[in-house]
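Numbering of the sequence shown is given in the numbering used here, commencing with residue 137 and proceeding in unit increments.
Idealized CB from N, CA, C, for every residue including glycine.
Below: the structure, in C-alpha cells.
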Amino acid sequence: MVKGSNIALSALSDNAGSVIVSLGWASPTGEGDADVSVLLLGGQGKVRSDADFYFYNNPVAADGSVQLLGKAPTGEGSEDRIVFDLTAVPVDVERVIVAASRYEGARFGELDDLRVTLADGSGDDLLRFAIDDAGSVSAFIFGELYRRGEEWKFRAVGQGYDDGLAGLASDFGVDIDDDASSEDEQLDDEAEDAARPAAAAEEQPPRSAQPEPASVVTVEQVPSAPLEAVPAPRRSEEDAQSKKTAARPRTAKKKVTLPKGVKKSLAENDSWKGARLFPVSALKSDRDRETRATSVLLSVMAQVPEFGRRLTAAFGAPAGRMETFTEVSLPHGDTPRRPDGVIRVERAGKLWTALVETKTNGNALKPEQVQAYADIAARRGYEAVITLSNDVALEGSPLVDVKIDGRRKHKVALWHLSWAEVAHQAQMLLRHEGVGNAAHAWLLQELLHYLQHENSGCHGFQNMGAAWVPVRRGIDDETLCQGDPRLLEVVESWERLIRQVCLGLGGELGHKVLPVRRAKRGVDPGARRADMADRLCADGKLHAELRIEGTPGVLAITADLRTGKLRTSFDIPAPEQGYPLTWSKRLIRRLAEAPADLHVETLVEGEAGGPRGTLERLRPEPADMLPKNGAQITGFRLSLFKGMGNARGNTESGFIRSVDDAVHRFHDSVVASLDRSAPRPKPSAERAAAT
C-alpha cells in the first residue's frame, strides 16, 4: 500500500473478523526501539474514556477486541504484534488508531525498514505498508482500521508527532496528567528503578528490548492503568548517554514451561503420593478451605511476578513490586473487619491497594460484607475491592449488588475473579507462554494442582441454580410462560457456564476463546438475555457460539431441553473453485480421524437443508453428499450429538460436565482434525525472495 490509500478487509480475506497487525522496524546501530499503542475512537474522533487507550502497561481489552502481544526479535530489529477481534469492537467505536512512540529523544527517522503488515485470523498475510519518510518525529501513526457501513477498512496513514506519545494521546482526547514537573518525573523514574529488585534487574532486559514481563494479560479484562507515566522523563545529556548505553538490546532469556513428556516416577507403586507444597488432606471445613486458598493464591502472586501481574492488570494495578497479606485487621466502627487478603503494588514510590474477599466450595458472596470492605477502602484511600469465588461474573452485570456512595470523592472499584479464571491464567503461563525460571514454574504447578484438587473447594461454576429443575420440568410439560423470572435465571447460569468453558478450552489450547455476540441481537447484555429467555420458553433450547483464535468459523453448541441432547457443530464454507464431488471427497479425507458418528450436512443455497448422513455412511460414498437437484452448495455443517446429564451439581452425569465434555470432544476430534489436515499456504514471492 501507499500512504493515504485504503482497502476493505472483506476484499482481502473471508476470515477478516480477526486480524493481526504487526509493526516492525530495524535499527542500523543495534540500539533503540519503540512502544506500540492503540486508541479506540468514537464518533467525535476522540476516545470514549481513558480506558480506550492501550499501551505496554494496559495491553488487553475486557471484550477481547484488542490484545497487545508484545515484541518479537527479527533479523536486525523487532516486530510488535496486535490482535484485533473486529467482531467484538463496540458498535460506538468508529476508528482504531495503531501507533508507536519512541523515548529519550529518539526519532523514527533513525530506524530502518519501518513497516506495518496485516494478516487475517489464520495468519495469512493480507497487506503491507512500508514507510520511508518518517522524519524527525517521536510518535507515529502507522495506520487505522475504520468502519464503513457493515464492513471494516484499513487506511495507511504515516503521520508523525513531534511531542511524542503524550501529544498523540492528548490529540485524541486521552487525559494526560501534566501537573508534575520534569524534576518530579525524573525522581519518580529513579524511584521506580530503585524499587525493582536487583536480581530482577539483572535477569530482565530493559524496556527498549522487550515489554515489561508482566504486561501480558488475558481476555475478559478492562485495564485502567495510570497515565501519568506516559510522558518521557527529561534527563541530562550524561544521564541520556548512560541510559542509551544501558538500553542496548539483549537476547531475551528463554521462558520455562512444563515439559511435554511426563517424568518417570521413583515411587515403588501408584499408591505413593508425592509431597506437595500446598497439602489439601487436612481441609475439613469451609473456613479452612477459604483461608488456605487465599493464602496459597496470594503468596504465589507475590512470588511469580508474571502471574501476579496477569491477575491485577485488569483491575488498574500498575506494574511494580507486589506484596500480599492475609487476615489483616482494619478498623470499622465498633467492630474491626478482617478481609481475607490485601494486595499492595508499589511503582515509583506510589502505592496501589486492593482488599480481597474470598469464597470457596460454592458459597455465595455477601453483599453487606463487600459493602463494608468498600467503605473501609474508600476511607483509607484504597483503590479496589476484589471478590473471588466459584461463581463467574456476567458481562455488563455486577456479581453482587453493592452500591458505593456517590458523594465520596474517592471512587472504589469493585472487581470479581472466578477460581476458573485463576486456573486459566496459571495454565496459560505454565503450559504455553512460560515464566522466568524453573522455580516459578514449579510454584505455578503446585498452585494448579491445589486448585484442581477436589478438597480445595476452588472448582469454578458448578451449579445451574434453583431455577434449573423447575424450568426443565416446565418445558417438558409446557407450563412455562414468557416473562417467568426463572427463565432469565437459567439463561444467566448458561452464560456463566459458557464463559467458564471458554476459559477451560483456552487454557488447554493456549489460544483466546471467547463467546460470540451477534450485533443483530443488540449490545445491551440485559436485553440480549431477556430475548434469549423468550426463545428458551418458545423452543426449549439454549444456544451459544464460541470463537477460537486462529480457527475460521465458530463452534456452536445447542442444549435442547425437550429432547435432552447437546449438539455441537461447525460450519465450513464451500471452496470458491473446483467441483462439488471433489469438495466432498476432500472433506471426507480431512475427517479421517473424526468419530464415525459425526453428522455431515450439505448446506444448499435458498433451501432449508441438503443431504445429510453420518461420517460412517458417507466415507465409502462421498457422492451422497451432493444434492440431487444440482442446487448450489454453500458449505457443510459438521455436528456431534450427546445426551446431557440431569443433575445440577458437578457429578459426571451433570449438565455442566456434559456441556464441557461435549465442547472439548468436538474440538479435539473434529475442529483440531480439520486444522491438522488443512493445506498450508504456499509462501508468497516476497517471502521466497527474502529467504
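TODO: Report the residue from Leu697, Asp527, His552, Lys547 whose alpha carbon sits nearest the alpha carbon of Val605.
DONE: Leu697
Task: beta strand (DSSP E) runs contained entirely in the segment 219–278, provided each spans 3 or more residues - done: 231–237, 248–256, 261–267
Task: Distance, Glu752 Cα to Leu501 Cα - done: 50 angstroms
TODO: May I ask you to list the residues that DSSP assigns as paired with Thr489?
DONE: Arg480
TODO: Tell me whether Ala759 is buried or exposed, calling it buried when 16 or more other Cβ atoms sit within 10 Å of its Cβ.
DONE: exposed
TODO: Could you check what DSSP says for Tyr297 in three-state terms: helix, strand or coil?
DONE: strand
Task: Under the three-state DSSP convention, the category Val432 falls into - done: helix
Task: Under 8 angstroms between C-beta atoms of Gly642 and His560 - done: yes
Open item on the list: Once DSSP output is grouped into helix, strand and coil, what is the label at Lys721?
Closed with: helix
Task: Coarse secondary structure for Val528, derived from DSSP in three states - done: coil
Task: Contacts around His468, its chain only, beta-carbon distance under 8 angstroms, and the 5 residues preceding and following it disregarded - done: Ala508, Asp511, Ile512
Open item on the list: Distance check for Thr494 and Thr427, CA to CA, integer angstroms please.
Closed with: 8 angstroms
Task: Exposed unless 16 or more other CB atoms sit within 10 angstroms - verdict on Ala529 - done: buried
Task: Sequence-distant residues of the same chain with beta carbon closer than 7 angstroms to Ser146, five excluded per side - done: Ala152, Glu287
Task: Neighbourhood of Arg425 by C-beta, 7 angstroms cutoff - its chain only, sequence neighbours within 5 removed - done: Leu419, Thr496, Asn497, Ser592, Gly593
- [ ] Quick one: using the 10 Å Cβ neighbour count with 16 as the cut-off for buried, is Gln713 buried or exposed?
- [x] exposed
Open item on the list: Using a 10 Å radius around the Cβ and a threshold of 16 neighbouring Cβ atoms, would you call Ala336 buried or exposed?
Closed with: For Ala336, the predicted model reports a pLDDT of 37, less than 50, meaning its position is unreliable; a value from the coordinates is still stated below. Result: exposed.
- [ ] Check whether the segment 251–264 touches the segment 194–209, taking contact to mean three or more Cβ pairs, one atom from each stretch, closer than 8 angstroms.
- [x] no
Open item on the list: What does the alpha-carbon distance come out to for the pair Asp228 and Arg184?
Closed with: 9 angstroms
Open item on the list: Tell me whether the segment 794–808 and the segment 626–642 touch, counting them as touching only if at least three CB pairs, one residue from each stretch, are closer than 8 angstroms.
Closed with: yes
TODO: Would you mind stating whether Gly596 and Glu625 have Cβ atoms separated by less than 8 angstroms?
DONE: no
Open item on the list: Less than 6 angstroms between C-beta atoms, sequence neighbours within five positions excluded: which residues of the same chain meet that for Pro621?
Closed with: none
Open item on the list: the ligand ZN and Gly294: does the residue's C-beta get closer than 7 angstroms to at least one heavy atom of that ligand?
Closed with: As presented, the structure is devoid of all ligands, the ligand ZN included, so that no description of it is given.
- [ ] Assuming Leu776 and Thr704 form a contact by the criterion Cβ under 8 angstroms, report the distance between their Cβ atoms to the nearest whole angstrom.
- [x] 5 angstroms
TODO: Just confirm the distance between the C-beta atoms of Ala490 and Phe451, as a whole number of angstroms; I'd bet it's less than 8 angstroms.
DONE: 7 angstroms
Task: N- and C-terminal bounds of the alpha helix (DSSP H) containing Trp578 - done: 574–588
Task: Proximity of Val627 and Leu672 at Cβ, strictly below 8 angstroms - done: yes
Open item on the list: I'd like to check one pair, Met137 with Phe265: are the Cβ atoms closer than 8 angstroms?
Closed with: yes
Open item on the list: Using a Cβ distance threshold of 8 angstroms, determine whether the segment 171–186 contacts the segment 224–243, with at least three qualifying pairs required.
Closed with: yes
Task: Coarse secondary structure for Pro758, derived from DSSP in three states - done: helix
- [ ] Determine the DSSP secondary structure at Asp796, reduced to helix, strand or coil.
- [x] helix
TODO: Go ahead and label Lys207 buried or exposed: buried means 16 or more other beta carbons lie within 10 angstroms of its beta carbon, across all protein chains shown.
DONE: buried
Open item on the list: Would the segment 548–565 count as touching the segment 402–412 if we require 3 or more Cβ pairs under 8 angstroms?
Closed with: no
Task: DSSP-derived helix/strand/coil call for Ser146 - done: helix
TODO: Please classify Asp696: does DSSP put it in a helix, a strand, or coil?
DONE: strand
Open item on the list: Which of the three DSSP states is assigned to Val157 in this structure?
Closed with: strand
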